[in-house]
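Novice: A single structure is presented below for examination.
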Amino acid sequence: MMLSDLGFWTLTGSAVIIGITHTLLGPDHYLPFVALSKARKWSVAKTMRLTLLCGFGHVASSVLIGFIGIILGVSLGSLEFIESFRGDVAAWLLIGFGALYLVWALRRAGKRKTHEHPHVHSDGTIHKHPHSHDGDHAHPHLEENRDGNVQKPVAAWSLFIIFIFGPCEALIPLLLYPAAQENWYWCIGVVLAFSLATVGTMLAAVFALTRGLSFLRLPSMERWGQVFAAGIILMCGLAIRLGL
768 MMLSDLGFWT LTGSAVIIGI THTLLGPDHY LPFVALSKAR KWSVAKTMRL
818 TLLCGFGHVA SSVLIGFIGI ILGVSLGSLE FIESFRGDVA AWLLIGFGAL
868 YLVWALRRAG KRKTHEHPHV HSDGTIHKHP HSHDGDHAHP HLEENRDGNV
918 QKPVAAWSLF IIFIFGPCEA LIPLLLYPAA QENWYWCIGV VLAFSLATVG
968 TMLAAVFALT RGLSFLRLPS MERWGQVFAA GIILMCGLAI RLGL
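In my numbering, the protein residues as written are 768 to 1011.
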């Protein structure tokens, strides 16, 4: 094996390891999808499609910035500043989305509190039945799934936009720039290895956790599931912002 070939495979192998590691060590790469899937009763297929879309956007945005920087001769320090700024934006977007979602979820949970009203029939029979003031069914013109839950794509699109802003911090300085010192074939190989490792790990983690939670039956999730999901998203955003 030629020395150049050894260098290429070493860098490519490093891209795979870094892609897997940075994904697993960043719960924001998979917990929001798992929490939303459980709370909103998404199918596994829908959850995986959203994860794939967000993962692709997450990697593609950093790859695009890296390639443009290399072509224009932008310094590594400048690109790292751009990626750091994007990371701050993504963190604040995740925090804002989680906070707004939490407010909505708490109000919704309050409306779903059940209580009883007595009913008196003409024959003198009195009975009570529980009900809530949940307003989800007040919009029959919205498309519903087979479980009767109104499907609003706001959460899915919000996550996608956030992941577009979220940088892959290790890609440009540790992988793309060293590969660019050789040739474009190295760059393409490194990008493909890193992208497949990152997105593949996201999909594997989301699938495993989603399937695991599907066997967990908690009565409180019906009312508080959305609050739980919002809290997870908010904590992920705060963890990124605080550098945890």
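All C-beta atoms, glycine included, are put in the ideal place defined by N, C-alpha and C. Only a predicted model underlies this, so the values are computations on that prediction, with no experimental measurement involved.
Within 10 angstroms of the Cβ of F930, are there 16 or more other Cβ atoms? Answer buried if so, exposed if not.
Specialist: Here residue 930 refers to the residue found at position 163 of the sequence shown. Classification of F930: buried, given that the 10 Å Cβ count is 16 or more.
Novice: Measure the beta-carbon distance from L938 to S829 and round it to whole angstroms, keeping in mind my assumption that it falls under 8 Å.
Specialist: Residue numbering aside, residue 938 sits at position 171 when the sequence shown is read from its first letter. Residue numbering aside, residue 829 sits at position 62 when the sequence shown is read from its first letter. That pair is a contact at about 5 Å.
Novice: May I have the straight-line CA-CA distance separating L909 from R807, to the nearest angstrom?
Specialist: Looking up residue 909 in the sequence shown gives position 142. Looking up residue 807 in the sequence shown gives position 40. Here L909 scores only 33 on pLDDT, less than 50, and its place in the model is too uncertain to base an answer on.
Novice: Need the endpoints of the alpha helix (DSSP H) that P799 sits in, please.
Specialist: Stepping through the sequence shown from its first residue, residue 799 is reached at position 32. P799 -> alpha helix (DSSP H) spans L798 to R807.
Novice: My guess is that I1000 and L861 are in contact by the Cβ rule of under 8 Å, so how many angstroms apart are they, rounded?
Specialist: Taking the sequence shown and counting its residues from 1, the one referred to as residue 1000 is at position 233. Taking the sequence shown and counting its residues from 1, the one referred to as residue 861 is at position 94. I1000 to L861, Cβ: 6 Å. Contact.
Novice: Could you check what DSSP says for E936 in three-state terms: helix, strand or coil?
Specialist: If you number the sequence shown from 1, residue 936 lands on position 169. Coil, per DSSP.
Novice: Pairing CB atoms from the stretch 961–972 with CB atoms from the stretch 853–867, are three or more of them under 8 Å?
Specialist: Verdict: no, contact absent.
Novice: Note down, one range per segment and in chain order, each beta strand (DSSP E) of at least 3 residues found wholly within the stretch 950–1009.
Specialist: The stretch 950–1009 contains no whole beta strand (DSSP E) run of 3 or more residues.
Novice: Tell me whether the stretch 796–807 and the stretch 921–928 touch, counting them as touching only if at least three CB pairs, one residue from each stretch, are closer than 8 Å.
Specialist: Touching, yes.
Novice: As a quick exercise: from T779, L817 and N950, pick the residue whose alpha carbon is nearest that of L942.
Specialist: In the sequence shown, residue 942 corresponds to position 175, counting from 1. The residue with the shortest Cα to Cα distance from L942 is T779.
Novice: Thinking C-alpha only, which one of Y952, C935, Y797 and T814 is nearest L831?
Specialist: Within the sequence shown, residue 831 is the residue found at index 64, counting from 1. The shortest Cα separation from L831 among Y952, C935, Y797 and T814 belongs to C935.
Novice: For R816, I'd like the list of residues in its chain whose CB is within less than 6 Å of its CB, leaving aside the five on either flank, ordered along the chain.
Specialist: What you label residue 816 is simply residue 49 of the sequence shown in a count that begins at 1. No residues qualify anywhere along the chain.
Novice: From Y944, G979 and G967, pick the residue whose C-alpha is nearest to that of C821; which is it?
Specialist: What you label residue 821 is simply residue 54 of the sequence shown in a count that begins at 1. That would be G967, whose Cα lies nearest to the Cα of C821.
Novice: Can you tell me where the alpha helix (DSSP H) with D855 in it begins and where it stops?
Specialist: Within the sequence shown, the letter at position 88 stands for residue 855. From DSSP, the alpha helix (DSSP H) with D855 extends over L843 to K878.
Novice: Which term fits T777, buried or exposed, when burial requires 16 or more other beta carbons within 10 angstroms of its beta carbon?
Specialist: Stepping through the sequence shown from its first residue, residue 777 is reached at position 10. It counts as exposed.
Novice: Who are the Cβ neighbours of P794 in its own chain at under 8 Å, not counting the five residues just before and after it?
Specialist: Your numbering for residue 794 matches position 27 in the sequence shown. The answer, listed in chain order, is C1003 and A1006.
Novice: Tell me which residues share the same chain as A946 and place their Cβ nearer than 7 Å to its Cβ, disregarding the 5 neighbours each side in the sequence.
Specialist: Taking the sequence shown and counting its residues from 1, the one referred to as residue 946 is at position 179. Taken in chain order, the residues that qualify are L778, W953, C954 and V957.
Novice: Just the Cα atoms here: how many angstroms apart are R978 and V783?
Specialist: For the purposes of this step, residue 978 is taken as residue 211 along the sequence shown, with counting starting at 1. For the purposes of this step, residue 783 is taken as residue 16 along the sequence shown, with counting starting at 1. Taking the straight line from one Cα to the other gives about 25 Å.
Novice: Please state the DSSP three-state secondary structure of G836.
Specialist: The residue given as residue 836 occupies position 69 in the sequence shown. Of the three classes helix, strand and coil, the one that applies to G836 here is helix, per DSSP.
Novice: Thinking C-alpha only, which one of M969, V994, H789 and S810 is nearest F823?
Specialist: Your numbering for residue 823 matches position 56 in the sequence shown. Ranking the options by Cα distance to F823, first place goes to M969.
Novice: Using only alpha-carbon positions, find the residue among V973, N950, G933 and V994 that is nearest to I849.
Specialist: For the purposes of this step, residue 849 is taken as the residue at position 82 of the sequence shown. That would be G933, whose Cα lies nearest to the Cα of I849.
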